[in-house]
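Below you'll find the structure, written out as structure tokens, and then a few comments.
Protein chains in written order, with my numbering: chain A, 2 to 234; chain B, 251 to 467.
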């Protein structure tokens, strides 16, 4: 290998770093619209999945417009904020605000059988990074109609199992209230007791993700408690 | 390394570059490189396959790029140059996956970014691409990526089959109906230690068949 002068090394490094920077910014800029579209479509698919409507990339936008009737943002007292688009609210940013100022999005959907469902978004912490999801409540505002979860970087096959239908479907018909008080749904290591309406099975090898999910469901839904009790018929 | 001008593209020597890493010079079982990701992404077959493809693309292209620049890279900063090339390629692969294969990119999540730290890639750049022409370097990259991928797929096959009772997400054990006779999936198989043991068994089998791989005491 030749011996290069210090000047050569400096010039070489600068040229390399600048060209790599240009290349990467170009790639990012060119691909950004497609990536954002993917994220938006995925969000719509997730919201639809929580009311048990199966969609794919091609029909998600269309199905979303058909099923989601209304969306608005409330605070912990159950009062609506005007002029805020619920779809664009990012929960992670909201959670950093004081509780009273947080935007809490609510999506009102109509299921295939004509039931009106309330979809509530959730956001929490898994083992490696954020986890999030949507839970839809039936007309009694207490029974879960469906749930969908997703994650940024949980271990494939372990914590990442929270976004499988097998895990999510356990939440169907679970109740977050018992005798009028909020109890949420527990994710139980070693398996839920059969017939218990407030428990689902945890994930083997994914204990911390399971715990994080349980905390996310509890802390996320409790913020809507006032709204839910005001609107319960 | 001898440098013969006007070498044909396809000779017995270039073929060896592709086939050797699959067996006798396998990066995982013989050189014991890239173990970390081999343990992490082998719980299910699908992520393992996508990971194998991504690593192959990155190692082949970075080998090619480094081989093209090999004469102008200053020796004192060569490791940094290699890292920049690898990191750039990995970010581009990641961006493309996010734009065109969103589902797959979500499944692999952090592991795509972690390709940067895969010792096989830097090992190949340092050991091969810095001293060889672009075309053999490219083939060497493909070969090593494939050798890595092969082991990943074998390990993930056993881990998914015995640990989750499925192959490529298809519930084989359930269809066979063995659960009715009291069979249960082995939860141990999903945990990282069993990946190491599976890998150890593969190395054992390979060495038992090829005595030449056993080191002299």
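Glycine included, every Cβ here is placed at the ideal spot set by N, Cα and C.
Note that the structure is predicted; figures quoted are calculated from it, not measured.
Handout entry: Under the three-state DSSP convention, the category residue 80/A falls into
Key = By one-based count along the first chain, residue 80/A stands at place 79. Residue state, collapsed to three classes: coil.
Practice task
Measuring only between beta-carbons, confirm whether residue 217/A sits less than 8 Å from chain B.
Solution key: As a working note, residue 217/A is residue 216 in the first chain. No, because no Cβ of chain B sits closer than 8 Å to the Cβ of residue 217/A.
Practice task
Could you check the C-alpha separation between residue 367/B and residue 308/B for me, to the nearest Å?
Solution key: Here residue 367/B corresponds to residue number 117 of the second chain, with the count starting at 1. Here residue 308/B corresponds to residue number 58 of the second chain, with the count starting at 1. Each residue's alpha carbon lies about 12 Å from the other.
Problem - Pairwise C-alpha distance: residue 338/B and residue 21/A - result: Taking the first chain and counting its residues from 1, the one referred to as residue 21/A is at position 20. Taking the second chain and counting its residues from 1, the one referred to as residue 338/B is at position 88. The straight-line gap from Cα to Cα measures roughly 7 Å.
Problem - Pick from 267/B, 297/B, 329/B that is closest to residue 402/B, judged by C-alpha positions - result: As a working note, residue 402/B is residue 152 in the second chain. Of 267/B, 297/B, 329/B, the residue nearest in Cα terms is 297/B.
Exercise for the section: Tell me whether residue 260/B sits in a helix, a strand or coil according to DSSP, three-state version. Expected result: For the purposes of this step, residue 260/B is identified with residue 10 of the second chain, where counting begins at 1. Correct three-state label for residue 260/B: coil.
Exercise for the section: Please check the pair residue 142/A and residue 229/A, which I expect to be a contact at CB under 8 Å, by giving their CB distance rounded to whole angstroms. Expected result: Your numbering for residue 142/A matches position 141 in the first chain. Your numbering for residue 229/A matches position 228 in the first chain. Confirmed, Cβ separation roughly 5 Å.
Problem - Per-residue DSSP class, three states only, for residue 278/B - result: Looking up residue 278/B in the second chain gives position 28. Residue 278/B: coil per DSSP, three-state reduction.
Exercise for the section: Determine the closest residue to residue 332/B out of 374/B, 305/B, 291/B, with distance taken between C-alpha atoms. Expected result: Counted from its first residue, the second chain places residue 332/B at position 82. With distances taken between Cα atoms, residue 332/B lies closest to 374/B.
Exercise for the section: Could you say if the region 122-137 of chain A and the region 27-39 of chain A meet the contact criterion of at least three C-beta pairs nearer than 8 Å? Expected result: no
Practice task
Going by CA-CA distance only, name the one from 346/B, 416/B, 456/B, 387/B that's closest to residue 35/A.
Solution key: Sequence index remark: in the first chain, residue 35/A carries index 34 (1-based). Of 346/B, 416/B, 456/B, 387/B, the residue nearest in Cα terms is 346/B.
Handout entry: Through-space distance from residue 317/B to residue 4/A, alpha-carbon basis
Key = Along the first chain, one-based indexing puts residue 4/A at 3. Along the second chain, one-based indexing puts residue 317/B at 67. Approximately 18 Å, taken between the alpha carbons.
Exercise for the section: Could you pull out every residue in the same chain whose Cβ sits closer than 7 Å to the Cβ of residue 111/A, ignoring the five residues on either side in sequence? Expected result: Numbered from 1 along the first chain, position 110 holds the residue referred to as residue 111/A. Cβ within range, chain order: 68, 70, 117.
Handout entry: Residues near residue 252/B in its chain [Cβ-Cβ closer than 6 Å; skip 5 each side]
Key = Counting from 1 along the second chain, the entry for residue 252/B is found at position 2. A caution first: residue 252/B carries a pLDDT of 47, below 50, which makes its placement in the model unreliable, though a value can still be read off. No residues qualify anywhere along the chain.
Exercise for the section: Note down, in chain order, each residue of its chain lying with its Cβ closer than 8 Å to the Cβ of residue 288/B, except the 5 sequence neighbours on either side. Expected result: For the purposes of this step, residue 288/B is taken as residue 38 along the second chain, with counting starting at 1. For residue 288/B, where only same-chain residues beyond five positions count, the Cβ hits under 8 Å are 278, 398, 401, 402, 405, 445, 449.
Handout entry: residue 231/A at chain B interface by Cβ criterion, 8 Å
Key = Residue numbering aside, residue 231/A sits at position 230 when the first chain is read from its first letter. Closer than 8 Å: no.
Handout entry: residue 461/B, DSSP secondary structure in three states
Key = Sequence index remark: in the second chain, residue 461/B carries index 211 (1-based). Residue 461/B: helix per DSSP, three-state reduction.
Problem - Closest by C-alpha distance to residue 264/B, when choosing among 314/B, 394/B, 386/B - result: Here residue 264/B corresponds to residue number 14 of the second chain, with the count starting at 1. Residue 386/B is the option with its Cα nearest to residue 264/B.
Problem - Inter-residue spacing [alpha-carbon to alpha-carbon] between residue 376/B and residue 58/A - result: Locating residue 376/B in the second chain gives position 126, counting from the first residue. Locating residue 58/A in the first chain gives position 57, counting from the first residue. Going from the Cα of residue 376/B to the Cα of residue 58/A covers about 43 Å.
Practice task
Under the assumption that residue 135/A contacts residue 51/A (Cβ atoms under 8 Å), give the Cβ distance between them as a whole number of angstroms.
Solution key: Counting from one through the first chain, the residue named residue 135/A turns up at place 134. Counting from one through the first chain, the residue named residue 51/A turns up at place 50. At roughly 4 Å, the Cβ-Cβ gap stays under 8 Å, so residue 135/A and residue 51/A are in contact.
Exercise for the section: Step through the CB atoms of chain A and report whether any lies within less than 8 Å of the CB of residue 374/B. Expected result: As a first step, residue 374/B must be located in the second chain, where it is residue number 124. Cβ-Cβ to chain A under 8 Å: no for residue 374/B.
Problem - chain B within 8 Å of residue 159/A, Cβ atoms only - result: Reading the first chain from its first residue, position 158 is the one you call residue 159/A. Yes, residue 159/A counts as interfacial toward chain B.
Handout entry: chain B within 8 Å of residue 171/A, Cβ atoms only
Key = In the first chain, residue 171/A corresponds to position 170, counting from 1. Interface annotation, residue 171/A: not in contact with chain B, CB-CB separation never under 8 Å.
Exercise for the section: Look up residue 420/B in the DSSP assignment and say whether it is helix, strand or coil. Expected result: The residue you call residue 420/B lines up with position 170 of the second chain. Of the three classes helix, strand and coil, the one that applies to residue 420/B here is strand, per DSSP.
Exercise for the section: Tell me whether residue 322/B sits in a helix, a strand or coil according to DSSP, three-state version. Expected result: Start at 1 with the first residue of the second chain, and residue 322/B comes out as number 72. Note: residue 322/B maps to coil in three-state DSSP.
Handout entry: Contacts around residue 126/A, its chain only, beta-carbon distance under 6 Å, and the 5 residues preceding and following it disregarded
Key = Taking the first residue of the first chain as position 1, residue 126/A is located at position 125. Hits under 6 Å: 213.
Practice task
Rounded to whole angstroms, what's the CA-CA distance from residue 254/B to residue 46/A? Just pull it up for me.
Solution key: Numbered from 1 along the second chain, position 4 holds the residue referred to as residue 254/B. Numbered from 1 along the first chain, position 45 holds the residue referred to as residue 46/A. At residue 254/B the pLDDT is 49, less than 50, meaning the model places this residue with poor confidence; the figure from the coordinates comes in the next sentence. Between residue 254/B and residue 46/A, the C-alpha separation is close to 57 Å.
Exercise for the section: Indicate the three-state DSSP secondary structure (helix, strand or coil) for residue 434/B in the structure shown. Expected result: As a position in the second chain, residue 434/B is number 184, starting the count at 1. Reduced to three states, the DSSP call for residue 434/B is coil.
Practice task
Measure the CB-CB distance between residue 407/B and residue 295/B and report whether it falls below 8 Å.
Solution key: Within the second chain, the letter at position 157 stands for residue 407/B. Within the second chain, the letter at position 45 stands for residue 295/B. Yes, these two residues count as a Cβ contact at 8 Å.
Handout entry: Three-way DSSP call (helix, strand, coil) for residue 155/A in this model
Key = By 1-based counting over the first chain, the position of residue 155/A is 154. When secondary structure is reduced to three states using DSSP, residue 155/A falls in the coil class, being assigned neither helix nor strand.
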